[in-house]
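Data block below; observations after.
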Amino acid sequence: MYGYHNRIARVNLTTGKVTYEELPDEVIRKFVGGKGLGYYLIYREVPPGTDPLSPANKFIFATGGLTGLIPGSSKVIAVSKSPETGLISDSSGGDAFGPKLKGHFDAIIIEGKAEEPVYLYVHDGEVEIRDAKHLWGRGNYEVARELWKEHPKASMALIGPAGERLSRIANVIYDTERASGRGGLGAVLGSKKVKAVVVEPGEKPKVAEPEEFQRLWQEFYEHFATDPKYEHTRNYGTSDALRSSASLGMSPAYNFSRPHIPDELASKLAGDEVKKYEVTPEWFVHGKSCPIKCARYVEVEYKGRKIRVKPEYESIAMLGAATGVFNFPAVAYFNWLVNHLGLDSIATGATIGWLFELVERGLITDEEIGFPVKGFGDEEAEEKLIKLMAERKGIGAVLADGVKRACERLGRGCEFAVHVKGMESPAWDPRGRRTYALSYATADVGASHLRGWPRPHQLPNQGPAKELVPSMIEGRDESYITDMLGTCKFVSYRMEDLARFYSLATGEEWTVERFRKIAQAVESIARIHDALDWVTPPLDDTIPPRWWEPEPDGPAEGNAAFIDYNDFLEARREFYRLRGWHEELGVPLPETMEELGYGEFRDDAERALEVVKKRMGFRQD
């Protein structure tokens with residue numbers, strides 16, 4: 001198929017062998033690439049019940065159908081069974097890794113376990129397994145410099161010491177500044193002794209209609225690069241978003257206990273404050289081909305040390321506002337530190353913010369922690385805790401696997417632990433937007449801000465959550481589509497534009513409706529697999545206690561995530577119904593899989609229904 005190499009590399013670390021397989025056109029037509037292809041491969045090859053940190057789990061880097069081919073299409077999707085949640089999990093990453101990988105393969109499957117640390121070297125359409133003992137134990141910035149000496153044109157995916165020590169919130173870092181951050185996927189590579197994947201530039205796959213494709217490419221690049229509508233994003237990137245979230249009562253400030261904070265406080269970690277420190281990006285900081293260039297590259301001095309980093313809103317808000325630290329140089333340094341050590345900035349900030357709240361409430365002592373902690377705003381403690389989490393030492397060993405396990409290990413504070421199915425919430429409190437909490441409750445990976453935003457923007461008390469479910473599903477499908485195509489959500493293509501690009505790339509006719517059916521099917525197969533594993537949707541598709549607390553002040557004052565519990569149940573039932581799932585059990589119906597054209601999953605859907613019925617104690621008539 002045009003737009004693809006139709007090749008998958010399979011790296012078996014146990015045997016030390018690399019094999020190459022054809023990716024059939026019919027699989028591409030059913031799953032496209034990126035998230036869709038990754039979910040299909042994990043579903044097929046990693047059975048429910050597999051231990052995520054065992055050699056039986058697999059790790060996939062899957063490029064999207066348009067990765068590297070259109071403006072703002074840099075994404076690679078990392079897919080595996082998550083050590084944090086036990087769900088099939090995906091996390092997209094930017095920079096040049098995805099486009100360079102697309103020059104060789106449509107996906108790499110990493111399986112088994114190496115006896116000693118290795119890195120994978122991708123070049124000239126093949127993969128070598130190389131020794132990495134000299135890199136093991138070292139931080140990502142240091143390892144990247146070392147590898148670039150040997151491979152100056154390459155892009156790389158790295159794990160830090162946190163991944164080596166199997167922290168369940170360890171991430172995968174690309175070229176030091178971007179991440180597949182969620183779900184603890186860095187620990188999967190750590191369990192397999194893979195320190196890095198290094199990819200040289202390859203040959204872009206050919207598109208079916210190159211002249212029209214190039215004309216459209218130019219048209220859209222100029223549109224995104226010059227349209228005044230995107231001026232704020234081009235100027236600030238996502239760095240001004242704390243002012244937006246705070247003004248809407250949606251910030252994560254103080255462990256989500258104060259979603260509304262005054263603008264003068266939010267501005268200390270946003271927009272113009274960040275731009276004060278902006279510097280010209282270094283050669284390895286990619287995004288130069290993107291018309292939006294939404295991330296700012298900054299240099300700060302903290303405690304006499306100069307560091308450079310590329311901060312995004314989620315990292316700023318979770319390592320800053322969520323922990324009560326409103327000093328940008330400190331927060332930028334924390335961002336650099338989690339990148340270096342290979343920790344998910346969202347999960348790290350959420351877990352430390354939660355611990356700070358325990359301190360504030362007198363629920364944990366300095367003796368238990370091992371050193372004095374003042375609570376919210378304690379920069380010294382935050383720095384120390386980040387390092388201890390990556391090292392799994394002292395209190396860090398308690399916190400290293402995320403907030404759900406931390407509260408269970410301590411036996412307290414779970415009512416303040418903000419997560420869904422074990423994954424910490426990102427930096428958007430849903431009490432400021434009607435129906436939004438349902439997106440978190442039902443998302444495939446756990447709490448994610450990238451699984452559909454309901455429209456229009458209204459407060460939960462302004463009407464039944466059920467009414468906005470169709471718009472949330474529409475947004476979820478669009479998120480799936482961009483993750484299957486490898487495009488960035490901040491480059492605001494209409495779905496019709498992406499379908500047109502993909503049709504020109506492949507030489508086949510693609511419509512938005514066709515993409516939406518695939519999105520529904522991919523979400524459904526993830527739900528079937530997870531139900532056969534451990535998820536009981538009526539019990540697990542829920543939200544943390546914090547979001548049932550009414551907001552204390554601000555524009556969303558008095559709003560909880562839903563009007564009441566019945567409002568939540570009605571909205572969830574409507575979501576299940578519109579998705580073609582069992583209205584009470586939340587499992588895809590066998591006939592839905594047939595109607596979507598994925599009848600090969602029908603039997604598994606029937607089994608999943610029976611399993612969940614049994615768990616819920618349904619009578620077998």
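FYI, the numbering for the sequence shown is 1 to 621, going by the numbering used here. We treat Cβ as the ideally placed atom computed from N, Cα and C, and that holds for glycine.
What residues match up with residue i in a beta bridge as DSSP calls it?
i      : result
Lys306 : Glu301
Thr63  : Val76
Asp131 : Val118
Lys81  : Ile88
Ile173 : Leu158 and Ala179
Glu278 : Val298
Gly93  : Val76
Val420 : Met423
Trp148 : Trp148 pairs with nothing; no bridge assigned.
Glu126 : His123
Pro588 : Trp581
Can you give me the C-alpha to C-alpha distance between residue i and residue j, rounded to a whole angstrom?
i      : j      : result
Ala114 : Pro281 : 36 Å
Asp621 : Leu609 : Confidence is the limiting factor: at Asp621 the pLDDT is only 44, short of 50, which leaves the residue's position unreliable, though a coordinate-based value still follows. Asp621 and Leu609: Cα-Cα distance of roughly 14 Å.
Pro544 : Pro460 : 16 Å
Arg178 : Asp366 : 35 Å
Leu410 : Val279 : 43 Å
Gln214 : Tyr221 : 10 Å
Arg434 : Val469 : 10 Å
Ile42  : Lys149 : 34 Å
Ile60  : Gly38  : 6 Å
Ala350 : Gly190 : 23 Å
Val79  : Glu478 : 19 Å
Glu111 : Glu45  : 10 Å
Ala9   : Arg130 : 16 Å
Val18  : Val127 : 7 Å
Val471 : Phe575 : A small fix is needed here, since residue 471 is Ser in this sequence, not Val. Approximately 10 Å between the Cα atoms of the pair.
Val535 : Arg527 : 8 Å
Leu166 : Glu219 : 46 Å
Thr15  : Asn57  : 15 Å
Glu116 : Lys133 : 7 Å
Lys206 : Gly93  : 23 Å
Pro47  : Ser54  : 12 Å
Thr323 : Val418 : 13 Å
Glu624 : Met318 : Absent from the structure is residue 624, since the part of the chain shown begins at 1 and ends at 621.
Arg137 : Lys75  : The question names Arg, but residue 137 is Gly in the sequence shown. Going by the C-alpha atoms only, they are around 28 Å apart.
Pro83  : Gly184 : 6 Å
Val188 : Asn12  : 14 Å
Measuring alpha carbon to alpha carbon, tell me which of the options ends up nearest residue i.
i      : options                           : result
Ser89  : Met495, Tyr565, Glu551 and Gly422 : Gly422
Val181 : Ala157, Val194 and Ser257         : Looking at the sequence itself, residue 181 is Gly, so the reference to Val does not match. For the residues Ala157, Val194 and Ser257, the minimum Cα distance to Gly181 belongs to Ala157.
Lys614 : Arg573, Leu532 and Glu570         : Leu532
Gly237 : Val491, Leu399, Thr592 and Tyr576 : Val491
Ser247 : Trp547, Val27, Val46 and Asp263   : Asp263
Tyr40  : Asp51, Thr511, Ile28 and Asp378   : Ile28
Ser524 : Asn12, Lys384 and Phe31           : Phe31
Ala154 : Val512, Glu600 and Val285         : Val285
Met616 : Trp510, Glu606, Arg572 and Glu584 : Glu584
Gly586 : Trp217, Val118, Ser245 and Asp444 : Asp444
Between which two residues does the alpha helix (DSSP H) carrying residue i extend?
i      : result
Ser239 : Run containing Ser239: none; DSSP gives neither H nor E here.
Lys614 : Arg602 to Arg615
Ala332 : Phe328 to Leu341
Val398 : Ile395 to Leu399
His449 : It is not in any alpha helix (DSSP H) - His449 carries neither H nor E in the DSSP assignment.
Leu185 : Leu185 to Ser191
Val373 : No alpha helix (DSSP H) contains Val373, which DSSP labels as neither H nor E.
Tyr313 : Tyr313 to Leu319
Span of the beta strand (DSSP E) holding residue i?
i      : result
His123 : Val118 to His123
Ile261 : Looking at the DSSP string, Ile261 is not in any beta strand (DSSP E), and its letter there is neither H nor E.
Leu158 : Ser155 to Leu158
Glu513 : From DSSP, Glu513 is part of no beta strand (DSSP E) but of the alpha helix (DSSP H) over Val512 to Asp533.
Ile8   : Arg7 to Asn12
Thr19  : Lys17 to Glu22
Ala107 : Ala107 to Glu111
Lys195 : Val194 to Val199
(request) For the region 189 to 206 and the region 158 to 171, state whether three or more C-beta atom pairs, one from each stretch, are separated by less than 8 Å. (result) yes
(message) Using 8 Å as the cut-off, can you tell me whether the region 246 to 258 makes contact with the region 413 to 432, which would need three or more C-beta pairs spanning the two stretches below that distance?
(response) yes
(message) Would you call the region 109 to 126 in contact with the region 198 to 217, where contact means no fewer than 3 C-beta pairs closer than 8 Å?
(response) yes
(request) State whether the region 443 to 450 contacts the region 464 to 475, with contact taken as three or more CB pairs (one from each stretch) at a distance under 8 Å. (result) no
(message) Taking contact to mean 3 or more Cβ pairs, one atom from each stretch, closer than 8 Å, check whether the region 508 to 520 and the region 387 to 406 are in contact.
(response) no
(message) Under 8 Å: do the region 400 to 409 and the region 216 to 231 share three or more Cβ pairs, one atom per stretch?
(response) no
(request) State whether the region 329 to 345 contacts the region 355 to 370, with contact taken as three or more CB pairs (one from each stretch) at a distance under 8 Å. (result) no
(message) If contact is defined by three or more beta carbon pairs under 8 Å, each pair taking one atom from either stretch, is the region 98 to 105 in contact with the region 65 to 73?
(response) yes
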